[in-house]
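One structure is given below, encoded as structure tokens.
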Amino acid sequence: MIIHTEEGSHKCSECDQVFRQNIDLTKHLKTHTDEKQFQCSHCDKAFGYRSGLKYHIRIHNGEESHQCSQCAKVFAIKSTLKDHMRKHTGEKPFQCSQCDKAFIRNNKLTRHMMTHTGEKQFQCSHCDKAFRSNSDLTKHMMTHTGEKQFQCSQCDKAFTCNSDLAMHMRSHTGEKPFQCSVCDKVFTSSSNHSYHKSIHTGEKSFQCYHCDKAFIANSSIRFHMRINSEEMPYQISQFRIHTVVKPFQCSVCDQVYTDNSSLKYHIRIHTEEKPFQCNHCDKTFRYNEDLTNHIRSHTGEKQFQCSHSDKAFVYKKGLTIHMRSHTGEKPFQCCKCDKAFGYHSGLKYHMRIHTGKGSHQCSQFDKVFRQKFDLTHHLKTHTGEKQFQCSQCDKAFRYHSGLRYHM
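As numbered in UniProt numbering, residues 1 to 407 make up the sequence shown, in order.
Set out below in structure tokens:
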């Protein structure tokens with residue numbers, strides 16, 4: 001890790017920082033790893049070096065502390081508060097010379113630059129994976145050892161690194177420190193915040209090298225570029241998307257998937273597991289995104305706005321279907337005749353003409369209806385029933401539409 005320059009200074013191999021003394025470099029290197037051996041006796045915070053703990057203790061002792069004016073966080077060192085404030089202000093003074101990305105801290109820029117150079121100098125001794133930083137390699141090594149040393153104090157979950165535990169703890173505390181500057185949404189993690197901001201800007205900065213697809217999030221392109229081969233299942237040799245390799249097969253049916261998480265989601269169809277519970281009603285869901293969509297039925301939020309009218313919809317699917325009324329698109333084609341429909345339900349009912357199934361006949365005449373609703377509607381012409389009464393006069397109507405026009 002230590003590189004000596006001609007002047008006798010000590011340079012960090014993970015970033016560009018240079019130190020005059022070896023002890024300073026040793027302290028600095030702990031910022032790249034998750035090693036935090038100095039534990040606070042008053043709270044659950046831990047530090048990579050003794051001086052960090054020493055400064056932190058001042059907060060408990062009521063000595064000098066620096067509080068963020070935007071949130072409740074308190075820092076022992078003013079420079080740390082300054083770095084933290086950039087999360088609120090959006091200031092990113094460290095600009096990449098190769099692209100338009102900018103960063104809060106210089107070490108983040110240094111790591112980012114490796115995405116342009118392709119440099120991955122930290123090699124795993126168990127497989128052929130390589131990493132840009134020693135901390136990433138350390139995290140990866142735990143996938144081989146299975147070690148999860150960071151235990152949650154609220155539940156039985158454990159994590160390979162402290163940062164993952166810190167993020168998980170927010171699910172218990174409800175803390176969401178990352179706020180969108182465009183709308184009022186808040187997030188538990190910086191990565192979710194960054195992904196959300198891309199929705200406003202439309203920026204898709206992650207480009208596939210093998211096709212023209214681009215993605216908002218790095219995780220999305222990783223799934224797209226997912227790598228596998230039958231001979232070496234974890235070796236970088238093939239792109240599943242482009243070679244259609246799907247190594248994860250369901251043991252109940254014949255479905256296959258490119259990644260294990262998709263298979264896990266699929267298995268819930270067989271097990272009928274629905275782990276996501278609505279806190280407004282007793283409904284449960286297989287997937288978190290289904291719960292998120294359902295919650296909107298309680299809140300009334302309609303975030304999908306039609307660009308041609310003032311209509312808005314709870315679900316994206318609703319907007320997609322509605323847009324067909326503007327575009328005239330009829331994607332559901334009858335295989336028996338040349339009729340086409342904007343909705344699947346329209347095609348379904350139309351098919352009854354060809355199959356003769358599901359017909360509803362009037363008991364007074366020979367008229368036949370495809371839907372029971374239409375038969376009920378028709379029967380009122382025989383009974384004379386007028387159940388829709390005008391509140392302004394004594395007129396009554398068979399159908400609600402008649403009353404509506406009358407009003």
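No residue lacks a Cβ here, since even glycine has one placed at the ideal position from N, Cα and C.
N-terminal and C-terminal residue of the beta strand (DSSP E) that HIS10 is part of: Here residue 10 refers to the residue found at position 10 of the sequence shown. Per DSSP, HIS10 is one residue of the beta strand (DSSP E) stretching across 10-12.
Can you tell me the Cβ-Cβ gap for ASN162 and PHE150, rounded? I've got them flagged as a contact below 8 Å. The residue you call residue 162 lines up with position 162 of the sequence shown. The residue you call residue 150 lines up with position 150 of the sequence shown. With a contact defined as Cβ atoms closer than 8 Å, ASN162 and PHE150 qualify at about 5 Å.
Starting from TYR195, trace the alpha helix (DSSP H) both ways and give me its first and last residue. Residue numbering aside, residue 195 sits at position 195 when the sequence shown is read from its first letter. Following the DSSP letters along the chain, one finds TYR195 inside the alpha helix (DSSP H) bounded by residues 190-201.
For THR292, count neighbouring C-beta atoms within 10 Å of its own C-beta (all shown protein chains included) and say buried if the count is 16 or more, exposed if not. Position 292 of the sequence shown, counting from 1, holds the residue named residue 292. Around the beta carbon of THR292, a 10 Å sphere encloses fewer than 16 other beta carbons of the protein chains shown; the residue is thus reported as exposed.
Would you call GLY202 buried or exposed, if buried means 16 or more other Cβ atoms sit within 10 Å of its Cβ? Taking the first residue of the sequence shown as position 1, residue 202 is located at position 202. Looking at its Cβ environment, which holds fewer than 16 other Cβ atoms inside 10 Å, GLY202 is exposed.
Does GLU230 pass the burial test, meaning 16 or more other C-beta atoms within 10 Å, or should it be called exposed? Locating residue 230 in the sequence shown gives position 230, counting from the first residue. Only weak support exists for where GLU230 lies, its pLDDT of 36 falling under 50; the value from the coordinates is given anyway. Its Cβ having fewer than 16 others within 10 Å, GLU230 is exposed.
Count the other C-beta atoms from every protein chain shown that fall within 10 angstroms of the C-beta of HIS200, then say buried if there are 16 or more, exposed otherwise. Here residue 200 is taken as the residue at index 200 of the sequence shown, counted from 1. Exposed, since its Cβ has fewer than 16 Cβ neighbours within 10 Å.
Taking 7 Å as the limit between beta carbons, can you name the residues of its chain near GLN39, skipping five residues before and five after? For the purposes of this step, residue 39 is identified with residue 39 of the sequence shown, where counting begins at 1. So the list reads ALA46, once near-sequence residues are dropped.
What are the boundary residues of the alpha helix (DSSP H) that includes TYR405? Taking the sequence shown and counting its residues from 1, one reaches residue 405 at position 405. For TYR405, the enclosing alpha helix (DSSP H) starts and ends at 400-406.
How about CYS362 and MET351: are their beta carbons less than 8 Å apart? Residue 362 sits at position 362 when you count from the first residue of the sequence shown. Residue 351 sits at position 351 when you count from the first residue of the sequence shown. At the C-beta level, CYS362 and MET351 stay beyond 8 Å of one another.
Contained alpha helix (DSSP H) runs [length at least 4] in the UniProt domain "C2H2-type" (304-331), N- to C-terminal order: Whole alpha helix (DSSP H) segments, 4+ residues: 316-327.
Just to confirm my understanding: we take residue 410, look at its own chain, exclude 5 residues before and 5 after, and list those with CB closer than 6 Å. What are they? This structure gives no information on residue 410, because the portion of the chain shown stretches from 1 to 407.
Taking the CB atoms as reference points, tell me whether HIS266 and GLN255 lie closer together than 8 Å. In the sequence shown, residue 266 corresponds to position 266, counting from 1. In the sequence shown, residue 255 corresponds to position 255, counting from 1. One thing to note: HIS266 has its Cβ within 8 Å of the Cβ of GLN255.
Paired residues, beta bridge with PHE159 - DSSP: What you label residue 159 is simply residue 159 of the sequence shown in a count that begins at 1. According to DSSP, PHE159 bridges with PHE150.
Less than 8 Å between C-beta atoms, sequence neighbours within five positions excluded: which residues of the same chain meet that for MET232? Within the sequence shown, residue 232 is the residue found at index 232, counting from 1. Here the model assigns MET232 a pLDDT of 33, short of 50, so the residue's position is not dependable, and the following value carries that caveat. Excluding residues within five positions, none has a Cβ falling inside 8 Å.
Which runs of the alpha helix (DSSP H) spanning at least 4 residues fall entirely within the region 60-145, listed in chain order? List check, alpha helix (DSSP H) in window: 78-89, 106-117, 134-145.
Does the ligand FAD have a heavy atom nearer than 7 Å to the CB of HIS322? Within the structure as shown, the ligand FAD is missing, as the structure has no ligands at all.
Hey, could you find the ends of the alpha helix (DSSP H) PHE365 is sitting in? Translated into the one-based positions of the sequence shown, residue 365 becomes position 365. Taken as a continuous stretch (DSSP letters only), PHE365 belongs to no alpha helix (DSSP H), as it is neither H nor E.
Please report the distance separating the alpha-carbon of HIS193 from that of SER325. Reading the sequence shown from its first residue, position 193 is the one you call residue 193. Reading the sequence shown from its first residue, position 325 is the one you call residue 325. Those two C-alpha atoms are separated by around 35 Å.
In this structure, how does DSSP classify GLU230 when only helix, strand and coil are distinguished? Taking the first residue of the sequence shown as position 1, residue 230 is located at position 230. Bear in mind that a pLDDT of 36 at GLU230, under 50, signals an unreliable position, so the number given afterwards is only what the model happens to contain. Look at GLU230 here: in three-state DSSP terms it is coil, with no helix or strand label.
Alpha helix (DSSP H) segment containing SER262, residue limits: Here the question's residue 262 lines up with position 262 in the sequence shown. 260-271 is the extent of the alpha helix (DSSP H) around SER262.
Closer than 6 Å by C-beta to GLN98: which residues in its own chain qualify, once you throw out the five before and the five after it? Chain order, please. For the purposes of this step, residue 98 is taken as the residue at position 98 of the sequence shown. The beta carbon of GLN98 sits closer than 6 Å to those of HIS116, all from its chain and outside the five residues before and after it, given in chain order.
What does DSSP give as the partner residue(s) for HIS360 in the beta ladder? Numbered from its first residue, the sequence shown carries residue 360 at position 360. The bridge partners DSSP lists for HIS360 are PHE369.
Whose C-beta lies closer than 7 Å to the C-beta of PHE103 among residues of the same chain, with five residues either side of it excluded? Counted from its first residue, the sequence shown places residue 103 at position 103. A distance below 7 Å between beta-carbons, with the five flanking residues on each side excluded, links PHE103 to the following residues of its chain, in chain order: LYS92, PHE94, LEU109, HIS112.
Can the beta-carbon of TYR315 be found less than 8 Å from the beta-carbon of PHE304? Within the sequence shown, the letter at position 315 stands for residue 315. Within the sequence shown, the letter at position 304 stands for residue 304. Yes.
As assigned by DSSP and simplified to three states, the class of TYR257: Here residue 257 corresponds to residue number 257 of the sequence shown, with the count starting at 1. DSSP places TYR257 in strand when its eight states are reduced to three.
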